[in-house]
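Let me begin by presenting the structure, written as structure tokens, before commenting on it.
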Amino acid sequence: MDSRMLEGLGIDLDGLMERVMSSTSLLERLLRAYLEDKSADKLTQAVEQGDADAALMASHSLKGLSANLGFTKLHELTGTQCSLFRAGMTAEAFGLTAQVLAEDRRLKEGIRHALQ
Amino acid sequence: MEKRMLVVDDDAIERAIIANIFSPAWQVDEVADGRAALEALMRPGASYSAVLLDYMMPGMDGLGLLEALAPLDFCSHTPVFIITAEADAPVTKRAYGLGVMDVIPKPVIPYIVRRRVGSVVELYEKRRMLEYTVEEQAGEILDQAKQIIRLNYGLIEALSTAIEFRSGESGAHVRRIHDITLFFLEEAGFVSGLTSEEAHQVALASIMHDVGKIAISDSILNKPGRLSAQEFEIMKTHTVKGAQLLEHIEELRKHPAYSYAHDIALHHHERWDGRGYPEGLSGDALTPFSQVVALADVYDALCGKRCYKEAFSPEVAVDMIRTGQCGVFNPALIELFLKKEGDLRAWLAQEGHDGQQDA
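Read top to bottom, the protein sequences are chains B and W.
Sequential numbering of the first sequence, starting at 5, is according to the working numbering.
Sequential numbering of the second sequence, starting at 373, is according to the working numbering.
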């Protein structure tokens, strides 16, 4: 696992290492779990169907895991998106989906690379 | 012993981070929603020392689980912690209102969550231990109190029996007076509204009815045949002397049986028609307790052998009481006695109407 590559992706590695209590094996396990995570797919589907509740749930999941894994930018994006959903600004929230998905894709690709 | 924790979170990454924080000291069970958590917590034999609960989950969320647990008063014996990224005031207030011990912000910071959970779990354990200790000590104190009560009873019985012995009575008379009194009060219900505890106190008091005889000389006490008028006057003083003796025992004055004992010692030779002694009280001026003991004393004296007479059969004794040959009693008491005398005999034949439950 290449930690410099992870930092290069904009991941808050210090915070992440603290949360996993410096266990690199747990860190790796969590990153692999993220690669398998289906929240982004669920978000895509929910937005396609115009289902705001399901979209909020998926965005909230992404927000939670990005907070834990130190994905600063994804956390900010999903945080804003969740707030917009909760404020009833559904169109604006849906509007952020492309950015969220792009960031998710960028992270997954980078992490897949770093784990090789 | 390894402590068990239940982590309830739909986010597997969150669960893995929390499990890592608490292992290996804890056994960490993980579930993904409120419904599964409820099942895990309600499973027979499930004993968790802490529950870490995500607020926002699909299906039954954290507050939903807390609401389901509230009627069971779950949070008072197991600490529940809410973990949430949305720690806004209404959610926090609602969670505390439902009994959570703490609201921990997400993402968790290991040393903080460890300390917060650890402190509360320790508090719950100490409290449980304290409750257990108090319970155990209360049990010990109760045992000691029972022992003291038995000892009190034993001492009172020993004193009363010793005094009865002087007039050739056996310990059985004292025991029977106790049992007959208890029968009238508890089995036959002569005094309505009397508690079982009060009935036992009166029964205990009844065995002291003749303690004043300690002040009567042997020549009078054990005289075969009739007493002279002067001797009888002396004999009658055992009532007043008995009451005085009881008054002088300071510890006894604090005893719940004291007022009964004093009344009974003083008045157990009074008569319903006012022709008894020492005060010549009549009718309702007499307490039902002294009336019962007076009848018990006469009945038992008739049925037993005395220095001045042979034993009568119970049938003869009943007849003598009914026809007023042995004093005048409250008609209601006589009626009850005649109705229940058969039961009384059966009751006396049973063992164990002793003072062990005198409390």
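Quick reminder that beta carbons are idealized off the backbone N, C-alpha and C, glycines included.
All of these numbers come straight from a predicted model, not from anything done at the bench.
Alpha-carbon spacing of residue i relative to residue j, whole angstroms
i: Asp474 of chain W; j: Leu514 of chain W; result: 39 Å
i: Leu710 of chain W; j: Glu559 of chain W; result: 14 Å
i: Ile115 of chain B; j: Val463 of chain W; result: 35 Å
i: Pro703 of chain W; j: Thr611 of chain W; result: 24 Å
i: Gln728 of chain W; j: Glu529 of chain W; result: Residue confidence for Gln728 of chain W is low, a pLDDT of 42 falling below 50, so the modelled location carries little weight; the figure read from the coordinates is stated next. Each residue's alpha carbon lies about 12 Å from the other.
i: Gly655 of chain W; j: Ile520 of chain W; result: 37 Å
i: Gln120 of chain B; j: Met5 of chain B; result: 7 Å
i: Arg732 of chain W; j: Lys677 of chain W; result: Since the first residue shown for chain W is 373 and the last is 731, residue 732 of chain W is missing from the structure and cannot be characterised.
i: Gln663 of chain W; j: Phe701 of chain W; result: 7 Å
i: Asp730 of chain W; j: Glu605 of chain W; result: With a pLDDT of 38 at Asp730 of chain W, under the threshold of 50, the predicted position of this residue should be treated as unreliable, though the coordinate-derived value follows. Cα-Cα distance, rounded: 35 Å.
i: Gly19 of chain B; j: Leu502 of chain W; result: 40 Å
i: Asn594 of chain W; j: Tyr649 of chain W; result: 21 Å
i: Glu569 of chain W; j: Ser589 of chain W; result: 36 Å
i: Ala44 of chain B; j: Pro396 of chain W; result: 33 Å
i: Tyr504 of chain W; j: Val563 of chain W; result: 41 Å
i: Ala404 of chain W; j: Lys112 of chain B; result: 24 Å
i: Thr609 of chain W; j: Gly584 of chain W; result: 8 Å
i: Gly719 of chain W; j: Lys712 of chain W; result: A quick correction: the sequence has Trp, not Gly, at residue 719 of chain W. Trp719 of chain W and Lys712 of chain W: Cα-Cα distance of roughly 10 Å.
i: Tyr38 of chain B; j: His64 of chain B; result: 14 Å
i: His449 of chain W; j: Val400 of chain W; result: 18 Å
i: Leu531 of chain W; j: Pro686 of chain W; result: 28 Å
i: Leu527 of chain W; j: Glu494 of chain W; result: 49 Å
i: Ser26 of chain B; j: Gly434 of chain W; result: 29 Å
i: Arg694 of chain W; j: Phe684 of chain W; result: 14 Å
Proximity of residue i and residue j at Cβ, strictly below 8 Å
i: Val546 of chain W; j: Tyr632 of chain W; result: no
i: Lys639 of chain W; j: Leu653 of chain W; result: According to the sequence provided, residue 639 of chain W is His. The question's Lys does not apply to it. Yes; because the gap between Cβ atoms is below 8 Å, this pair is in contact.
i: Met692 of chain W; j: Leu674 of chain W; result: yes
i: Leu618 of chain W; j: Met580 of chain W; result: yes
i: Ala91 of chain B; j: His79 of chain B; result: no
i: Leu69 of chain B; j: Asp108 of chain B; result: no
i: Glu447 of chain W; j: Val472 of chain W; result: Note on residue identity: the sequence assigns Cys, not Glu, to residue 447 of chain W. Cβ distance < 8 Å, so Cys447 of chain W and Val472 of chain W count as in contact.
i: Leu66 of chain B; j: Thr84 of chain B; result: no
i: Val665 of chain W; j: Thr553 of chain W; result: yes
i: Leu705 of chain W; j: Leu667 of chain W; result: yes
i: Val51 of chain B; j: Phe98 of chain B; result: yes
i: Ala461 of chain W; j: Lys478 of chain W; result: no
i: Asp2 of chain B; j: Thr94 of chain B; result: For residue 2 of chain B there is no data in the structure shown, the boundaries of chain B being 5 and 120.
i: Leu425 of chain W; j: Ile390 of chain W; result: no
i: Ala422 of chain W; j: Val380 of chain W; result: no
i: Leu413 of chain W; j: Leu438 of chain W; result: no
i: Met61 of chain B; j: Pro430 of chain W; result: yes
i: Leu47 of chain B; j: Leu73 of chain B; result: no
i: Asp672 of chain W; j: Ile535 of chain W; result: no
Opposing strand residues paired with residue i [DSSP bridges]
i: Val380 of chain W; result: W:Val403 and W:Leu425
i: Asp474 of chain W; result: W:Phe453
i: Trp398 of chain W; result: W:Lys375
i: Arg678 of chain W; result: W:Lys681
i: Ile15 of chain B; result: B:Phe75
Span of the beta strand (DSSP E), counted from its first residue to its last, around residue i
i: Phe453 of chain W; result: Val452 to Thr456
Range of the contiguous alpha helix (DSSP H) that encloses residue i
i: Ile513 of chain W; result: Pro482 to Arg538
i: Val583 of chain W; result: It is not in any alpha helix (DSSP H) - Val583 of chain W carries neither H nor E in the DSSP assignment.
i: Met9 of chain B; result: Ser7 to Gly12
i: Cys698 of chain W; result: From DSSP, Cys698 of chain W is part of no alpha helix (DSSP H); its letter is neither H nor E.
i: Trp719 of chain W; result: Pro703 to Ala721
i: Phe604 of chain W; result: Ala601 to Lys608
i: Asp656 of chain W; result: Per DSSP, Asp656 of chain W belongs to no alpha helix (DSSP H) and is neither H nor E.
i: Gly469 of chain W; result: Ala461 to Gly469
i: Asp590 of chain W; result: Asp590 to Leu593
i: Gly434 of chain W; result: Gly434 to Leu441
i: Ala91 of chain B; result: Per DSSP, Ala91 of chain B belongs to no alpha helix (DSSP H) and is neither H nor E.
i: Arg598 of chain W; result: Note, Arg598 of chain W: premise wrong, no alpha helix (DSSP H); not H, not E.
i: Val51 of chain B; result: Ser43 to Glu52
i: Tyr38 of chain B; result: Thr28 to Glu40
Chain B contact residues for residue i, given Cβ-Cβ distances below 8 Å
i: Lys478 of chain W; result: Gly68, Ala71 and Asn72
Contact list for residue i against chain B, beta-carbon separation under 7 Å
i: Met428 of chain W; result: His64
i: Ile393 of chain W; result: Met25
i: Ile455 of chain W; result: Within 7 Å Cβ-Cβ: nothing; Ile455 of chain W doesn't reach chain B, min ~10 Å.
Amino acids of chain W, ordered along the chain, whose beta-carbon sits closer than 8 Å to that of residue i
i: Ala37 of chain B; result: Ala384, Ile385 and Ala388
i: Leu30 of chain B; result: Ala388, Ile389 and Asn392
Partner residues on chain W for residue i, Cβ-Cβ distance less than 7 Å
i: Met61 of chain B; result: Pro430
i: Arg33 of chain B; result: Ala388
Chain-ordered neighbours of residue i on chain A, where CB pairs are closer than 8 Å
i: Glu22 of chain B; result: Absence of chain A from the displayed structure is noted, the protein chains being B and W.
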